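**Q** Protein chains in written order, with the numbering used here: chain A, 6 to 321; chain B, 40 to 298; chain C, 808 to 1181. Before anything else, here's the structure in question.
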Amino acid sequence: MSIGQEVTNTPKPAPAKPVRRLADVIFAGTARSSGILILLVLVGVAAFLIIEAMPAFTADSKDIAGGKGFFSYIWPLVFGTAVSSIIAIVLATPVAIGIALFISHYAPRKLAGPIGFVIDLLAAVPSVVFGMWGLQVLAPQMGPVYKWLENNLGWIPIFAQGSTTGRTIVTASIVLAVMILPIITSVSREVFLQTPTLHEEAALALGATRWEMIRTAVLPFGRPGIIGGIMLGLGRALGETMAVAIILSPGAFTWALINSGNSTIPADIALNFPEASGLKLNTLIAAGLVLFVITLIVNMIARYIVDRRREFSGAN
Amino acid sequence: MSKRIEVNDLHVYYGNFLAVEGVSMTIEAKSVTAFIGPSGCGKSTFLRTLNRMHEVIPGARVEGDVLVDGENLYGPTVDPVNVRRQVGMVFQRPNPFPTMSIKQNVLAGVTLNSKKLSNSAADELTERSLRGANLWEEVKDRLDKPGSGLSGGQQQRLCIARAIAIQPEIILMDEPCSALDPISTLAIEDLINELKDQYTVVIVTHNMQQAARVSDRTAFFNIAGTGKPGKLIELADTQTIFQNPTQKATEDYVSGRFG
Amino acid sequence: MTTALVTPEEPKLDHGIEENPVRPAPRFAWLIVLLASFAASAALFAALGFSIVGVIIVGYVIYLIAVTVTYSAMAGRRKGTDQLMRSLIYGAFVLALIPLVSVLWTVISIGAPAISADFLTKDMYGLKGVVDKAVVEQGAPLQGGALHAILGTLIITAIATLISVPIGLFTAIYLVEYGKTSRLAKSIRFFVDVMTGIPSIVAGLFAFSLFGILFGIGTKNGIAGAVALAVLMIPTVVRNSEEMLRIVPNELREASLALGVPVWKTVTKIVIPTAASGLASGVTLAIARVIGETAPLLLAVGVTMKTNVDPFNGPMNTLAVYAYNLFKFPLNPGYRDPSLERAWGAVLLLVIFVVLLNLLARFIAKVFAPKTGR
Chain A
6 MSIGQEVTNT PKPAPAKPVR RLADVIFAGT ARSSGILILL VLVGVAAFLI IEAMPAFTAD
66 SKDIAGGKGF FSYIWPLVFG TAVSSIIAIV LATPVAIGIA LFISHYAPRK LAGPIGFVID
126 LLAAVPSVVF GMWGLQVLAP QMGPVYKWLE NNLGWIPIFA QGSTTGRTIV TASIVLAVMI
186 LPIITSVSRE VFLQTPTLHE EAALALGATR WEMIRTAVLP FGRPGIIGGI MLGLGRALGE
246 TMAVAIILSP GAFTWALINS GNSTIPADIA LNFPEASGLK LNTLIAAGLV LFVITLIVNM
306 IARYIVDRRR EFSGAN
Chain B
40 MSKRIEVNDL HVYYGNFLAV EGVSMTIEAK SVTAFIGPSG CGKSTFLRTL NRMHEVIPGA
100 RVEGDVLVDG ENLYGPTVDP VNVRRQVGMV FQRPNPFPTM SIKQNVLAGV TLNSKKLSNS
160 AADELTERSL RGANLWEEVK DRLDKPGSGL SGGQQQRLCI ARAIAIQPEI ILMDEPCSAL
220 DPISTLAIED LINELKDQYT VVIVTHNMQQ AARVSDRTAF FNIAGTGKPG KLIELADTQT
280 IFQNPTQKAT EDYVSGRFG
Chain C
808 MTTALVTPEE PKLDHGIEEN PVRPAPRFAW LIVLLASFAA SAALFAALGF SIVGVIIVGY
868 VIYLIAVTVT YSAMAGRRKG TDQLMRSLIY GAFVLALIPL VSVLWTVISI GAPAISADFL
928 TKDMYGLKGV VDKAVVEQGA PLQGGALHAI LGTLIITAIA TLISVPIGLF TAIYLVEYGK
988 TSRLAKSIRF FVDVMTGIPS IVAGLFAFSL FGILFGIGTK NGIAGAVALA VLMIPTVVRN
1048 SEEMLRIVPN ELREASLALG VPVWKTVTKI VIPTAASGLA SGVTLAIARV IGETAPLLLA
1108 VGVTMKTNVD PFNGPMNTLA VYAYNLFKFP LNPGYRDPSL ERAWGAVLLL VIFVVLLNLL
1168 ARFIAKVFAP KTGR
């Protein structure tokens, strides 16, 4: 049996290219190309959107819907997108942190698993379902609330003119909050569970109550995770289409958030796309490009925060 | 089938870090050679260069030659896969394949290399390898059960059976008993004694008594300090190393003065 | 039992950082407070006019105040705060259950009556608004169904899976077995994570633009939809698979390589079979995530009322788009209810699919996992 070759006249072997089997080279090459393909897809998403959006940027401003150019078209949508997402974040964050703490530090150990599953289920419900539920169930409930707000706080511009149907950007935001709850919960829960037991026990050994232990050991440790989770939730809320498209009765920009009116980029695209053609189509794709860029930035910040935390804790 | 190993001035690097420096030694055929030394002295690293398993670690590379019966493992046209088919290896912790039965585990090396075996040849090879690993009597009635259902010591002997099923020339063992209880350890040591009738066996061990019990020759590795490379201090008959070493460091180590 | 070393009334705290010692409180004090709060709230609303929502909200607020005050009085201010936070955290959990229960209840109660043999075996082709008028005014049975949408959902999701699984799995293999911590691997990991956040409608716009440029603007078909879904699905497949491959012990790879098995066979014959159940469960979850997508399919596939099983040719329909469309644009705007019923029926099917896929994923992960224990 021969393993290698005879060493007869080896001049100190220069570190030659290692011998590799063809099948290994092909397999490794396929794996690597798949990875590169994914990067190319991401580039492709940007490239094709830019190509198709170009006409909207270069067209004569009076040809753009609204007649005042792309910028005038897009800013109320950006405003609506931002406002609805921020309201959603503000509503969802405390509840999500509460649930995460409930699962990690309050619920009986046996229940923690099933509860996690229920929250995951919330994440699995298709967005169109939330939209339909928001319009048919939630919106009618919100009508009286908006009337009450108008009667009592109507002097504040955002509470002027309460809608009776409830088809407002605030209702849409509440549904968005429900939809982003699971993502914030799961990221927070993960970091809460990573809190060093030693810190927790040290706090308890000093006679801290459960809440004091959480305040002094768990929350400071989990803060970057919570922030990362919020950013991820924000990314999702910014891009969520169906809930807003179904619930909101869209219209021009208005400060009265509890009235119909306003719209968001994804809802505007979904509502107008099926009938659009020509420059209108390009305008909508340009709006999508703007959305893409915004969510890309938000997600990159989120990932940066979450990843840094991961390296720091040594957990993976 | 059993071959002699000759190592000429071998350096092992991790990236730019020199892990093992200038090892030259001869390992005799049909004998058991033990590597001893303190943690981090490079004995396991060096062992892995004998079947090019160190290449699994990113950045690891060697300079120097390892000759097996005169043929260089590091020749430019040598495929590491072929090297490993000739130089088998047993690891610290038993690692049977969890998706396979006992029999499939034994035959894994052959079947994964797409060699077709007739049923009778497969049965015959299974029995021969398991007998060779002193495991046949214990498992012959449950060859189709998962290998992970065995005890730790049995799993380790299963791994030895798996290694000898591909009929290597040389068997490397990297602290094969460190995860086992004393009874299982004894069984493995007995087995090593039998294996040397057919194979060249190289064993890394932390346990000096074990080295004294199982090996014919012993190599002592040492390290000058953290960040320094490991070195071969001396290689001699086991009796000499333990009773009459030539080096002061060896004597200090085997008499328990450090390490 | 010897006598307690520390008297419960006055704990000796020698480290001197506690200014407000905690005293023990009766175990079920909170329950009594809870019942009392809701009783008070109910009494209040009985006087004002009953409202279940009002009773719950006001009862909870009364409870929060009462429980804080009670525990502060009984066991010290710190215990009061602790109990307040505990109540808020439990409250958050219950609050999250409300929409979940309400959504599921709505879907089942409205959707279930719509589901019939007809609903599963007929499409909406040629149906006019008058049939819904007949349903409402004469109590005629619901006509038309979601067959075309069911088929479309299955076909488009299957194609998306066929595209995403090889790319995703091979990428995961690259990351775990080859790239490890190289710069390329790190950037792939980062951008895959970023890709997870691509809004679904942007994926739809991408597929629409891509197919528009390749085959003429306005090309809408099943494949375009599958491409859009694949863009959404790939990141999930990559991350799930990567996690599953990573937990395969390195010892198994070494054992295989030491037997003289080449790397590619070690990966395909040892690593992947060991991780198989986890990989399958990850793919199932990825399918569950995209099966209910609406926006990208609305853009890239379009809508049709007719059964179309050819993904290369013309618009198709899917359950989510079907539901959205009937919900938003009822067959007969004067008689909305039959269309809403169909929409909720479609959504119920979708939710059933999603729940089944989730359960299937758990089942696969549990039952087919290789036994590593002794």
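We treat Cβ as the ideally placed atom computed from N, Cα and C, and that holds for glycine. These figures come from a predicted structure and were not determined experimentally.
Measuring CB to CB, does LEU112 (chain B) end up less than 8 angstroms from VAL120 (chain B)?
**A** No, these two residues do not count as a Cβ contact at 8 angstroms.
**Q** With a threshold of 8 angstroms between beta-carbons, can LEU44 (chain A) be considered close to chain C, or not?
**A** With 8 angstroms as the cut-off, LEU44 (chain A) counts as an interface residue toward chain C.
**Q** Taking ASN134 (chain B) as the query, report the chain C residues whose CB atoms sit under 8 angstroms from its CB, ordered along the chain.
**A** Under the 8 angstroms cutoff, chain C gives PRO1056, GLU1058, LEU1059, GLU1061 and ALA1062.
**Q** ARG114 (chain A) lies in the alpha helix (DSSP H); which residues open and close that run?
**A** Where ARG114 (chain A) is concerned, the enclosing alpha helix (DSSP H) stretches over 114-129.
**Q** Tell me, please, which residues DSSP counts as bridged to VAL240 (chain B).
**A** According to DSSP, which records beta bridges pairwise, VAL240 (chain B) is partnered with B:VAL71 and B:ILE210.
**Q** Using a Cβ cut-off of 7 angstroms, pull out every chain A residue sitting near VAL241 (chain B), in sequence order please.
**A** Within chain A, no residue comes near VAL241 (chain B); the closest Cβ sits about 15 angstroms away, beyond 7 angstroms.
**Q** Jot down the residue ranges of each uninterrupted beta strand (DSSP E) in the stretch 171-218 of chain B, minimum 3 residues, whole runs only, in chain order.
**A** The qualifying runs are 209-213.
**Q** Please report the straight-line C-alpha distance between LEU197 (chain B) and MET247 (chain A), rounded to a whole angstrom.
**A** Going from the Cα of LEU197 (chain B) to the Cα of MET247 (chain A) covers about 58 angstroms.
**Q** Do we get a CB-CB distance below 8 angstroms when we pair ALA200 (chain B) with the residues of chain C?
**A** It does not; no Cβ of chain C falls within 8 angstroms.
**Q** Select from the stretch 247-270 of chain B all residues with a C-beta closer than 7 angstroms to any C-beta belonging to chain C, and list them in chain order.
**A** Cβ contacts with chain C: none found.
**Q** Evaluate the contact criterion for the stretch 1101-1113 of chain C versus the stretch 1153-1171 of chain C: three or more CB pairs, one atom per stretch, below 8 angstroms.
**A** Cβ pair count under 8 angstroms is below three, so no.
**Q** Quick one: what's got a C-beta closer than 8 angstroms to ARG43 (chain B)'s C-beta in the same chain, skipping five residues either side?
**A** Once the five neighbours on either side are set aside, the close Cβ partners of ARG43 (chain B) are THR65, ILE66, GLU67, ALA68, VAL107, ASP108 and THR239.
**Q** What residue range is occupied by the uninterrupted alpha helix (DSSP H) comprising HIS204 (chain A)?
**A** Segment 202-210, the alpha helix (DSSP H) holding HIS204 (chain A).
**Q** Whose C-alpha, out of B:ARG91, B:SER41 and B:THR138, is nearest the C-alpha of PRO1056 (chain C)?
**A** The residue with the shortest Cα to Cα distance from PRO1056 (chain C) is B:THR138.
**Q** Going by C-alpha to C-alpha distance, which of A:ARG215, A:ALA117 and A:ALA250 sits closest to GLU195 (chain A)?
**A** Among A:ARG215, A:ALA117 and A:ALA250, the Cα nearest to that of GLU195 (chain A) belongs to A:ALA117.
**Q** Could you give the distance in angstroms between the alpha-carbon of ILE864 (chain C) and the alpha-carbon of GLU245 (chain A)?
**A** Looking at the two C-alpha atoms, the distance is approximately 29 angstroms.
**Q** Put LEU1066 (chain C) into one of helix, strand or coil per three-state DSSP.
**A** Residue state, collapsed to three classes: coil.
**Q** So VAL24 (chain A) contacts chain B; which residues on that side make the cut at Cβ distance below 8 angstroms?
**A** Those within 8 angstroms of VAL24 (chain A) in chain B are PRO115, THR116, VAL117, ASP118 and PRO119.
**Q** Let me confirm a value: ASP65 (chain A) is counted as buried when at least 16 other C-beta atoms fall within 10 Å, else exposed. Which label applies?
**A** That one is exposed.
**Q** Can you check whether the C-beta of GLN141 (chain A) is within less than 8 angstroms of a C-beta belonging to chain C?
**A** Yes, GLN141 (chain A) lies at the interface with chain C (some Cβ there is under 8 angstroms from its Cβ).
**Q** Would you say THR35 (chain A) faces chain D, with C-beta separation under 8 angstroms as the test?
**A** No chain D appears in this structure, whose protein chains are A, B and C.
**Q** What would DSSP say about ARG1181 (chain C), mapped onto helix, strand or coil?
**A** Because the pLDDT of ARG1181 (chain C) is 35, which lies under 50, any placement of that residue in the model is unreliable, and the question is left without a value.
**Q** Using a cut-off of 9 angstroms between C-beta atoms, extract the partners of GLY986 (chain C) located in chain A.
**A** Going along chain A in sequence order, the residues near GLY986 (chain C) (Cβ under 9 angstroms) are ALA36, ARG37 and GLY40.
**Q** To which residues does DSSP link SER140 (chain B) through a beta bridge?
**A** In DSSP, SER140 (chain B) forms a bridge with B:PRO185.
**Q** Counting C-beta neighbours from all protein chains within 10 Å, is the total for ALA1225 (chain C) 16 or more, i.e. buried, or is it exposed?
**A** Outside the modelled stretch of chain C, which goes from 808 to 1181, sits residue 1225 (chain C), for which no answer is possible.
**Q** Take ALA161 (chain B) and list the residues in its own chain whose beta-carbon comes closer than 7 angstroms to its own, dropping the five residues that flank it on each side.
**A** Taken in chain order, the residues that qualify are LEU146.
**Q** Given a limit of 9 angstroms on CB to CB distance, which residues of the stretch 117-138 of chain A reach chain C?
**A** Per Cβ criterion, the list reads ILE120, PHE122, VAL123, ILE124, ASP125, LEU126, LEU127, ALA128, ALA129, VAL130, PRO131, SER132, VAL133, VAL134, PHE135, GLY136, MET137 and TRP138.
**Q** Taking Cβ-Cβ distances below 9 angstroms as the criterion, which residues of the stretch 1062-1093 of chain C are in contact with chain B?
**A** Against chain B - using a Cβ distance shorter than 9 angstroms - the residues of the stretch 1062-1093 of chain C are ALA1062, SER1063, LEU1064, ALA1065, LEU1066, GLY1067, VAL1068, PRO1069, VAL1070, LYS1072, THR1073, LYS1076, ILE1077, PRO1080, THR1081 and ALA1083.
**Q** My output table needs one value for SER63 (chain B): the three-state DSSP class, helix, strand or coil.
**A** Residue state, collapsed to three classes: strand.
**Q** Please list the terminal residues of the continuous beta strand (DSSP E) segment that includes HIS50 (chain B).
**A** Taken as a continuous stretch (DSSP letters only), the beta strand (DSSP E) holding HIS50 (chain B) covers 44-53.
**Q** Helix, strand or coil for GLU245 (chain A) per DSSP?
**A** Coil, per DSSP.
**Q** For the stretch 187-216 of chain B, list every residue whose C-beta sits within 9 angstroms of some C-beta in chain C, in sequence order.
**A** If the cut-off is 9 angstroms between Cβ atoms, the stretch 187-216 of chain B has SER187, GLY188, LEU189, SER190, GLY191, GLN194, CYS198, ARG201, ALA202, ALA204, ILE205, PRO207 and LEU211 near chain C.
**Q** Starting from GLY100 (chain B), trace the beta strand (DSSP E) both ways and give me its first and last residue.
**A** Before going further, note that residue 100 (chain B) is Arg rather than Gly in the sequence given. Element bounds for ARG100 (chain B): 99-107.
**Q** Against chain C, which members of the stretch 95-112 of chain B pass a CB distance test of less than 9 angstroms?
**A** Hits within the stretch, in order: VAL95 and PRO97.
**Q** In three-state DSSP terms, what is THR257 (chain B)?
**A** Strand at THR257 (chain B).
**Q** Distance cutoff 8 angstroms, beta carbons only. Does MET247 (chain A) sit that close to anything in chain C?
**A** Answer yes: the Cβ-Cβ gap between MET247 (chain A) and chain C drops below 8 angstroms somewhere.
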